[in-house]
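**Q**
Numbering (this note's numbering), first residue to last: 24 to 171.
Listed below in structure tokens is the structure:
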């Protein structure tokens, strides 16, 4: 397993996010081969993917412990990125460990439908309660495959 390294932080991709990222990248590659350069560059999915990659490589590792990322209540040991270049329609969930200097990107949740069972925060909490995303960072890292 070879994590990305940015600003002294090792960045890993949980299999759940790795699958999402792969599907997203395949979609963007399809768009590139089917659209004109102008339409491709202005396509919302292409922009979303570029912003997502920028968030992972730059925004989060610039200050992964920022209080604005930390979730509340039962999820307070996890973080999420909203805004900051990531479209309103999505939330990027991740786990940070300062001692290990590690960030594990867990899941991209969208759309956010507050108060509904499909609200990405509700879904994420269910995933955590099913232990899909253990709170132990070493256990999470061991679940991660090779990162590009």
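By construction, the Cβ of each residue, glycine as well, lies at the ideal position given by its N, Cα and C atoms.
Keep in mind that this is a model prediction, so the values were computed, not measured.
Between the beta-carbon of residue 109 and the beta-carbon of residue 118, is there less than 8 Å?
**A** Along the chain shown, one-based indexing puts residue 109 at 86. Along the chain shown, one-based indexing puts residue 118 at 95. It is not a contact, given that the beta carbons lie outside the stated cut-off.
**Q** Do residue 131 and residue 113 come within 8 Å of each other at the CB atom, strictly closer than that value?
**A** For the purposes of this step, residue 113 is taken as residue 90 along the chain shown, with counting starting at 1. For the purposes of this step, residue 131 is taken as residue 108 along the chain shown, with counting starting at 1. Their beta carbons are under 8 Å apart, which means residue 113 touches residue 131 by this criterion.
**Q** Verify whether the separation of the beta carbon atoms of residue 71 and residue 54 is less than 8 Å.
**A** For this step, residue 71 is matched to residue 48 along the chain shown. For this step, residue 54 is matched to residue 31 along the chain shown. It is not a contact, given that the beta carbons lie outside the stated cut-off.
**Q** Output the boundary residues of the beta strand (DSSP E) element that contains residue 117.
**A** Against the chain shown, residue 117 aligns to sequence position 94. From DSSP, the beta strand (DSSP E) with residue 117 extends over 114 to 120.
**Q** Could you say which of 29, 155, 120, 159 lies nearest to residue 38 if we only look at CA atoms?
**A** Counting from one through the chain shown, the residue named residue 38 turns up at place 15. Residue 155 is the option with its Cα nearest to residue 38.
**Q** What is the DSSP secondary structure of residue 189, counted as helix, strand or coil?
**A** The question about residue 189 has no answer here: the residues shown for the chain are numbered 24 through 171.
**Q** For residue 82, count neighbouring C-beta atoms within 10 Å of its own C-beta (all shown protein chains included) and say buried if the count is 16 or more, exposed if not.
**A** Numbered from its first residue, the chain shown carries residue 82 at position 59. Buried: at least 16 other Cβ atoms inside 10 Å.
**Q** Can you tell me which of the three DSSP states residue 94 falls into?
**A** The count along the chain shown starts at 1 and reaches residue 94 at position 71. Coil at residue 94, not helix or strand.
**Q** Rounding to the nearest angstrom, what Cα-Cα distance links residue 28 and residue 43 in this structure?
**A** Indexing the chain shown from 1 puts residue 28 at position 5. Indexing the chain shown from 1 puts residue 43 at position 20. If I take the Cα positions, the gap works out to 21 Å.
**Q** Does the distance from the CB of residue 84 to the CB of residue 160 come in under 8 Å?
**A** On the chain shown, position 61 is the one that residue 84 refers to. On the chain shown, position 137 is the one that residue 160 refers to. Not a contact, by the Cβ cut-off of 8 Å.
**Q** With H, G and I counted as helix, E and B as strand and the rest as coil, what does DSSP make of residue 63?
**A** Here residue 63 refers to the residue found at position 40 when the chain shown is read from its first residue. Helix at residue 63.
**Q** Straight-line CA distance for residue 143 to residue 133?
**A** Here residue 143 refers to the residue found at position 120 of the chain shown. Here residue 133 refers to the residue found at position 110 of the chain shown. C-alpha separation (whole angstroms): 6 Å.
**Q** Can you tell me which residues form a DSSP beta bridge with residue 128?
**A** Position 105 of the chain shown, counted from the start, is the residue given in the question as residue 128. In the DSSP output, where bridge partners are listed per residue, residue 128 has 36, 117.
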